[in-house]
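Under the numbering used here, the first residue of the sequence shown carries the number 1, and numbering increases by one thereafter.
Here a beta-carbon is modelled for each residue, glycine too, at the ideal position from N, C-alpha and C.
As the structure is a computational prediction, the values presented were derived from the model and not from experiment.
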Amino acid sequence: MSALRDLSKKKEPFFLAVGFIKPHLPFVSPKKYWDLYDPATIQLAPNPFRPKDAPEYSILPARTAELPRNPQGSGPSRSRPAAQARLLRGVSYTDAQVGKVLDTGPPGLRDNTIVVLWGDHG
1 MSALRDLSKK
11 KEPFFLAVGF
21 IKPHLPFVSP
31 KKYWDLYDPA
41 TIQLAPNPFR
51 PKDAPEYSIL
61 PARTAELPRN
71 PQGSGPSRSR
81 PAAQARLLRG
91 VSYTDAQVGK
101 VLDTGPPGLR
111 DNTIVVLWGD
121 HG
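Next comes the structure, spelled out in structure tokens:
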């Protein structure tokens with residue numbers, strides 16, 4: 001995070017992109033982040049179906065290397081067993097890492113900074 005400290009010392013605006021791998025498989029996070037939630041209380045998406053008229057390739061091929069299709073092979077292409085779907089919603093570890101990045105900057109940096117969180121998983 002020395003890049004953030006160095007950039008924040010300059011007078012001109014700056015852009016810093018930070019990427020996180022942990023929202024991707026394999027999910028390896030400290031146990032304390034998994035223990036934050038009771039899996040039974042994690043709500044599932046009300047509509048697990050592919051958007052109407054979305055082509056099959058827009059959902060599956062890019063994800064099959066990371067997360068194979070539902071092994072039953074029937075139903076909506078994004079359907080998963082409930083336990084697996086709940087596991088896929090865990091983002092607290094990445095959330096904590098974003099906080100660490102923001103905490104790295106000097107006092108007052110947040111008052112004059114635009115933070116954009118951009119995700120490719122919805």
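Where residue i falls: helix, strand or coil (DSSP)
i      : result
LYS31  : helix
THR113 : coil
ALA50  : Strictly speaking, residue 50 in this sequence is Arg, with Ala absent from that position. Reduced to three states, the DSSP call for ARG50 is coil.
PRO55  : coil
LEU44  : coil
PRO39  : helix
Start-to-end residues for the alpha helix (DSSP H) that takes in residue i
i      : result
ASP103 : 92-104
ARG86  : 82-87
LEU4   : 2-8
Buried or exposed (CB count within 10 angstroms, at least 16 for buried), residue i
i     : result
ASP25 : For the record, residue 25 in the displayed sequence is Leu; it is not Asp. The residue in question, LEU25, is exposed, as its Cβ has fewer than 16 Cβ neighbours within 10 Å.
LEU4  : buried
GLY90 : buried
LYS10 : exposed
Sequence-distant residues of the same chain with beta carbon closer than 7 Å to residue i, five excluded per side
i      : result
LEU109 : SER8
LEU36  : SER92
ASP111 : none
Check: residue i C-beta below 7 Å from any heavy atom of the ligand GDP
i     : result
GLU56 : Looking at this structure, you won't find the ligand GDP or any other ligand, since it has none at all.
Residues of its chain near residue i, where Cβ-Cβ distance is below 6 Å and the 5 sequence neighbours each way are ignored
i     : result
SER2  : none
SER29 : TYR93
VAL18 : VAL101
Same chain, Cβ closer than 8 Å to residue i, five either side skipped, listed in chain order
i      : result
TYR96  : Note that residue 96 is Ala in the sequence shown, not Tyr. So the list reads TYR33, once near-sequence residues are dropped.
THR113 : GLY105
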